[in-house]
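Here's the structure we're looking at; comments come further down.
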Amino acid sequence: MPVRVRVKIKGLKGLRAGSAIETSALLNTGYTGASPEIIVPVRLAERLGLWPPPSNAIESTYDTAGGPARFYVIREAATLQIVGEDLPPRELIVDIVISPLEREVLLSDYVIGELEIIILNAYRGAWRLQSDPPEKMRYSERPELW
Numbered sequence: 015m016p017v018r019v020r021v022k023i024k025g026l027k028g029l030r031a032g033s034a035i036e037t038s039a040l041l042n043t044g045y046t047g048a049s050p051e052i053i054v055p056v057r058l059a060e061r062l063g064l065w066p067p068p069s070n071a072i073e074s075t076y077d078t079a080g081g082p083a084r085f086y087v088i089r090e091a092a093t094l095q096i097v098g099e100d101l102p103p104r105e106l107i108v109d110i111v112i113s114p115l116e117r118e119v120l121l122s123d124y125v126i127g128e129l130e131i132i133i134l135n136a137y138r139g140a141w142r143l144q145s146d147p148p149e150k151m152r153y154s155e156r157p158e159l160w
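Right, here's the structure in full:
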């Protein structure tokens with residue numbers, strides 16, 4: 015089972031700046047980034063007021079498992095926070111990468127590292143935060159497709 019965490023994405027730019035959405039996000043260690051990027055589907059970008067892409071969006075081609083694909087990058091477009099009963103309220107400013115192909119939110123290796131998420135068992139969907147006690151095990155969220 016892949017590891018998914020519950021997140022809150024709060025828009026900082028676009029037509030609906032300040033709006034927030036809670037959803038699951040897939041930890042994708044194969045998604046390498048040089049900045050804190052998350053991929054969001056078009057439908058989620060619409061809900062944040064970021065679709066159609068604003069004029070400051072950068073059109074870019076990414077290499078994906080299915081081959082090259084066109085994405086739209088909006089720098090520092092949102093804050094991201096892991097949500098849960100006993101989780102610290104830590105927000106990270108992220109770049110939003112809008113994908114016309116993807117159906118769920120993907121967190122890059124950069125974001126996973128900045129949020130200090132440790133994958134304990136990818137098969138079982140087990141994870142914890144670096145600040146959690148060593149015996150603490152958290153488990154994957156159900157996928158939410160957009």
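With this note's numbering as the guide, the letters of the sequence shown map in order to residues 15 to 160. For glycine and all other residues, C-beta sits at the position ideal for the given N, C-alpha and C.
Beta carbon of residue i, beta carbon of residue j: below 8 Å?
i: L129; j: V108; result: no
i: I53; j: Y86; result: no
i: E73; j: R61; result: no
i: S69; j: R156; result: no
Nearest to residue i by alpha carbon, out of the options?
i: I133; options: S38, M151 and L120; result: M151
i: E90; options: L64, T78 and V97; result: L64
i: A92; options: K22, P16 and P148; result: K22
i: W160; options: P148, L40, K27 and S154; result: L40
i: I96; options: G25, R138, I126 and E158; result: I126
i: Q199; options: R117, P102, P114 and L58; result: This structure cannot speak to residue 199, because the chain is shown only from 15 to 160.
Opposite residue i in the DSSP bridges: which residues?
i: K24; result: A34 and T93
i: I113; result: Reading off the sequence, residue 113 comes out as Ser, not Ile. S113 is bridged to P55.
i: I132; result: R142
For residue i, which three-state DSSP category applies?
i: Y45; result: coil
i: V54; result: strand
i: V17; result: coil
i: A71; result: coil
i: G63; result: coil
i: G81; result: strand
i: Y153; result: strand
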